[in-house]
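For reference, the structure discussed in these notes is given below.
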Amino acid sequence: MHSFRYYDFLVAGMVAVLLCSNLIGPGKVGVIELPVIGAFAFGAGNLFFPVAYIFGDVLTEVYGYARARRAIWAGFGAMIFATIMSAIVLAIPAHPDEPWNATLQPALEIVFGNTWRIVAASILAYWVGDFVNSYVMAKMKLWTQGRFLWTRTIGSTICGQGADSLLFYPIALYGIWTNDALIAVIAFNFTMKVAVEVVMTPVTYVVVNGLKRAEGVDVYDTDTHFTPFSLRDEGRVRRPRD
């Protein structure tokens, strides 16, 4: 694999954001007041989950689809491990002689005791959504010949977050929520996630351009095999001046 200075740090950041968003965020429903619109509720994790997609955009744009693919699989593995670890920790009997366990065990069950539907939906939606995001990002880079970065970051997020939302909420909550509530939440959360990407676009430009200069490369996936089921290192590495 080509040696990069910052690739490993970006993968670690993406996995950290992904785990925190899925483990901490969904446990709380927040509410904020907006002028004219008024109060509305939202999953707290939705504030930070789009950042994982921004990491995915940066990885794909700078290092190529194949290296972003490796990061997605790293995140997938981390989510599987976190799910298994949560189940084991919750299943271990709490020691009755420790008074703190009487408070801690119910709290852990509330925060981490997600139903199998929510866990399955979260893992599947992440896997599909991130691969859709990275695929669209890489293909659009070829179509635009590396120009108009904003079209790729926003366009790939629309596709990736759309796939994520359309998979997660029906799998996790269909039959529990009303259809009207389900559609409203899908529409709102999708819009919110895309809005975060739009707002963060200037930051993405700075990070991408800085990384390309620092790494001295600009990757185009002209000969990449776009199957998600591979860890092969691919992508044509160019110098930014090429």
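Quick note, the sequence shown lines up with residues 0 to 241 if you use numbering that gives the first Met the number 0.
Even glycine gets a Cβ: it sits at the ideal position worked out from N, Cα and C.
Residue 44 sits buried, since 16 or more C-beta atoms from the chains shown fall within 10 Å of its C-beta. About 6 Å separates the beta carbons of residue 57 and residue 207, which is inside the 8 Å limit, making them a contact pair. As computed with DSSP, residue 235 is found in a beta bridge with 219. Around residue 127, the same chain offers 162, 163, 166 as residues with beta carbons nearer than 8 Å, after the five sequence neighbours per side are excluded. Counting C-beta pairs closer than 8 Å gives three or more between the segment 1-20 and the segment 61-72, which meets the contact rule. With respect to the C-alpha of residue 230, the residue from 69, 22, 33 having the closest C-alpha is 69.
Residue 132 sits buried, since 16 or more C-beta atoms from the chains shown fall within 10 Å of its C-beta. Contact check between the segment 204-223 and the segment 141-155: three or more CB pairs, one atom from each, fall below 8 Å, which counts as touching. The segment 30-37 makes no contact with the segment 174-194: fewer than 3 CB pairs, one atom from each, lie closer than 8 Å. Below 8 Å, too few C-beta pairs join the segment 90-101 and the segment 46-56 to call them touching: fewer than three. Residue 35 carries a coil assignment under DSSP once its states are collapsed to helix, strand and coil. For residue 6, the three-state secondary structure derived from DSSP is helix.
In chain order, 10, 14 place their CB closer than 7 Å to the CB of residue 73, counting only its own chain and leaving out the 5 sequence neighbours on each side.
Using a Cβ distance threshold of 8 Å, residue 18 and residue 78 count as a contacting pair. By the neighbour-count definition (other C-beta atoms within 10 Å, threshold 16), residue 210 is a buried residue.
By the beta-carbon neighbour count (other beta carbons within 10 angstroms, threshold 16), residue 66 is buried.
Bounds of any alpha helix (DSSP H) do not take in residue 98, whose DSSP letter is neither H nor E. When DSSP states are grouped into helix, strand and coil, residue 112 belongs to the coil group.
The secondary-structure analysis by DSSP pairs residue 131 with nothing; it has no beta-bridge partner.
Considering only 173, 46, 98, the residue with the shortest C-alpha distance to residue 29 is 46.
For residue 71, the number of other beta carbons within 10 angstroms of its own is at least 16, and it is reported as buried. By the criterion of a C-beta distance shorter than 8 Å, residue 170 is surrounded in its chain by 116, 119, 120, 123, 124, once the five residues flanking it on both sides are discounted. Look at residue 63 here: in three-state DSSP terms it is coil, with no helix or strand label.
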